[in-house]
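A quick write-up on the structure given underneath.
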Amino acid sequence: MRDHIKINRRSIRTDLDFVPYFPFPPLLAEEKMSKLLVVFGATGQQGGSVVETVLNDPQLSSEYRIRTLTRDPSKPAAQKLAQKGVEVLQADLDDVASLERLFRGANAVFAVTETVHDEQTKARDYARGKALVDAASAAGVEFYIYSTLPAITKISNNRFKHGEHFDVKAEVEDYIRSLPIRSAFVSPGSFMQNFLGMMVPVPVGDGTFAVSSVVTPETRLPMLDAAADMGKFVAPMLLDPAKYQGRVVHAATKLYSMNEIVKVMSDKSGKVVKYNQLPVNVFKSFMPPLVADRVVDMMLYIQDFGCWGPETEKILAASVAEAHGEPTTLEEFFDKHGVHLQSGP
Ligand SMILES: NC(=O)c1ccc[n+]([C@@H]2O[C@H](COP(=O)([O-])OP(=O)(O)OC[C@H]3O[C@@H](n4cnc5c(N)ncnc54)[C@H](OP(=O)(O)O)[C@@H]3O)[C@@H](O)[C@H]2O)c1
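All the letters of the sequence shown, read from the start, carry residue numbers 1 to 345 under the UniProt record's numbering.
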């Protein structure tokens, strides 16, 4: 980094040549912010967290200025970014020709792509993931951080073949590793935000509530407050790219069993929230078939293999120990957002 700054100084500030090089002379503000970080998904949870972390960290905010993109710059999340001094460009990931301009002058990238569940999920996400890193490579980006996920089909030795929304992220990770660009990966756990939406407790008719899935009550999920904490796992990478080159950081606070999750919900809501393990065929009947197959395989994979394999607890603890600040506990998450309970039928 020092070398980079020194080179910039010599090329653009010849009047500083007489300043003794050691101890390091003070840098002008515009020299310090000489690096450009491009953040994808900045109007969403993961990318939004990365932006907030960089803006609020004294070292990162003095080193990096931030460029983001959105399909709709008029949306409130995009406006808020602009008000904070973040560059906001209007762009669509699927417009490959527009990608070159996003990476122009960029030093580092945080890339995440959204999962859209339909017949094209895998093809679309692979095409987006590949197009992004190809354009970043062509533009000479020095460091590429990608939000990945484990290869469910491969790790389960073909037992769970429908987790293609996970598999595709692992395939993009493999592709990125094949390119001559410095890269690092962050693999997020299950989002705490899921319990405010798709996994919200539903009333069962007797005044109690239930969270339902196909896994045993003892199955443990690595839980992440994606909107608050993703940046805590990405910041160490931006601070020391060489250290993280080729590594996967696992992003979550800790493992919570389904029983532990509903206990926290009960304690925080004052209502009885139970975990309800449903037979696979019953669970599937509540969802469109394509999504049901994917969710069931994803959950059973986590039950049988652990989200990141048999060493999940250990590797998560190692990532948390390196994180840039304490990640949010489930208790703190519900204190902040409240426990959302679906209203009666
Ligand atoms: N839910 C979980 O438990 C979980 C766990 C692990 C991983 N994940 C993964 O997390 C990813 C989603 O991340 P997130 O929750 O942080 O996202 P999010 O909050 O849903 O936000 C999506 C972001 O993607 C941007 N985006 C979507 N389509 C775009 C396009 N065509 N062009 C440009 N930008 C586009 C959106 O920008 P604009 O709308 O402003 O254009 C927005 O910033 C998914 O891939 C999912 O598989 C989820």
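The C-beta atom is built at its ideal place from N, Cα and C for all residues, glycine as well.
Here the structure is a predicted model, which is why all the values come from computation and not from measurement.
Relative to ligand 1, Lys75 has its C-beta within less than 7 Å of a heavy atom. For Leu69, the Cβ falls inside the 7 Å cut-off from some heavy atom of ligand 1.
For the pair Val291 and Phe209, the CB atoms are not nearer than the 8 Å cut-off. Taking 7 Å as the cut-off, one finds no heavy atom of ligand 1 near enough to the beta carbon of His117. Around the C-beta of Lys154, fewer than 16 other C-beta atoms lie within 10 Å, and the residue is accordingly described as exposed. Counting every other CB atom within 10 Å of its CB across the protein chains shown gives Val234 a total of 16 or more, marking it as buried. Closer than 7 Å to some heavy atom of ligand 1: that describes the Cβ of Asp92. For Met298, the enclosing alpha helix (DSSP H) covers residues 289-305. Straight across, the Cα-Cα distance linking Leu55 with Asp229 is about 14 Å. Judged by DSSP secondary structure, Leu316 falls outside any beta strand (DSSP E) and instead within the alpha helix (DSSP H) spanning 312-322. Residue state for Thr68 is assigned as strand, using DSSP reduced to three classes. Counting along the chain, Phe40 sits inside no beta strand (DSSP E), nor does DSSP assign it H or E at all.
The C-beta of Gln245 has fewer than 16 other C-beta atoms within 10 Å across all chains shown, which makes the residue exposed. For Leu149, the CB falls within less than 7 Å of some heavy atom of ligand 1.
Taking the Cβ of Asp72 as the reference point, at least one heavy atom of ligand 1 falls within a distance shorter than 7 Å.
The C-beta distance from Ala106 to Leu36 rounds to 5 Å, short enough to meet the 8 Å contact threshold.
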